[in-house]
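Asker:
And the structure:
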């Protein structure tokens with residue numbers, strides 16, 4: 003899963019990409035807010051997710067594994083509903099399991115996709131460019147994020163049906179952790195070493211005889 007150029011934080015070119023990735027989640031949340039049925043929620047969000055995935059693949063844009071996992075889950079379940087409602091075809095197996103597991107299925111898909119990114123992508127599951135991040139920090143950060151995702155799966159399973167606790171909070175926490183780990187890896191590659199490194203650099207500048 004190669005990281006393409008232009009994924010630097012703040013790059014205007016990537017703002018539409020991040021927005022596109024979030025559209026299925028936003029649609030799912032809006033459908034939930036108005037009290038839509040499971041079928042309608044997944045048909046709408048799954049359809050949007052499918053379009054988003056096609057657009058991003060055609061543009062060869064890097065995708066965030068946390069959002070990609072959720073989008074894939076919506077596509078699979080949405081497609082199963084479409085086949086059943088449109089043609090009376092019941093899709094057993096993965097789609098049924100994802101629907102039965104409800105919110106936990108989202109985190110399981112995130113775990114699956116994040117594991118694949120960790121194994122196959124130089125940037126790991128931190129959604130950062132490998133050439134801008136310190137490799138050891140990427141590996142450690144990816145493993146830490148995977149461990150946190152496993153904890154999120156357990157939490158979601160325990161509170162299944164309570165979407166705020168079983169989905170919104172774990173996914174938000176994972177996203178914030180991912181962004182912090184990615185920023186940390188970038189700082190270490192830049193040689194700042196985070197806050198402590200910045201303090202050391204500042205002290206060194208104060209004692210620089212040329213200043």
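In the numbering used here, the protein residues as written are 3 to 213. Idealized CB from N, CA, C, for every residue including glycine.
Just the C-alpha distance for residue 172 and residue 193, rounded to the nearest angstrom, thanks.
Answerer: 31 Å
Asker: Using beta-carbon positions only, say whether residue 73 and residue 51 come within less than 7 Å of one another.
Answerer: yes
Asker: Exposed or buried, which one is residue 30 when buried takes at least 16 other CB atoms within 10 Å?
Answerer: buried
Asker: For the 8 Å Cβ check, are there 3 or more pairs between the stretch 90 to 109 and the stretch 132 to 146?
Answerer: A contact is defined here as three or more CB-CB pairs under 8 Å, and the stretch 90 to 109 fails this definition with respect to the stretch 132 to 146.
Asker: Do the stretch 166 to 184 and the stretch 119 to 128 meet, that is, are 3 or more Cβ pairs less than 8 Å apart?
Answerer: yes
Asker: Since residue 168 and residue 176 are thought to touch, with beta carbons under 8 Å apart, how far apart are those beta carbons, to the nearest angstrom?
Answerer: Actually they do not touch by this definition, with Cβ atoms about 13 Å apart.
Asker: What would DSSP say about residue 158, mapped onto helix, strand or coil?
Answerer: helix
Asker: For residue 17, I'd like the list of residues in its chain whose CB is within less than 8 Å of its CB, leaving aside the five on either flank, ordered along the chain.
Answerer: Its pLDDT being 48, under 50, residue 17 is placed unreliably by the model, and the measurement read from it follows with that caveat. None.
Asker: On the CB-based measure, 16 or more other CB atoms within 10 Å of its CB, does residue 102 come out buried or exposed?
Answerer: exposed
Asker: Give the straight-line distance between the Cα atoms of residue 45 and residue 137, rounded to the nearest whole angstrom.
Answerer: Approximately 40 Å between the Cα atoms of the pair.
Asker: Note the first and the last residue of the continuous alpha helix (DSSP H) segment covering residue 82.
Answerer: In this chain, the alpha helix (DSSP H) harbouring residue 82 covers 67 to 89.
Asker: Can you look up residue 39 in the DSSP assignment and give me helix, strand or coil?
Answerer: coil
Asker: From the DSSP output, in three-state form, read off residue 19 for me.
Answerer: helix
Asker: Just the Cα atoms here: how many angstroms apart are residue 68 and residue 35?
Answerer: 22 Å
Asker: Going by C-alpha distance, which of 104, 40 and 108 is nearest residue 84?
Answerer: 40
Asker: How about residue 111 and residue 71: are their beta carbons less than 7 Å apart?
Answerer: Between residue 111 and residue 71, the C-beta gap is smaller than 7 Å, which places the two residues in contact.
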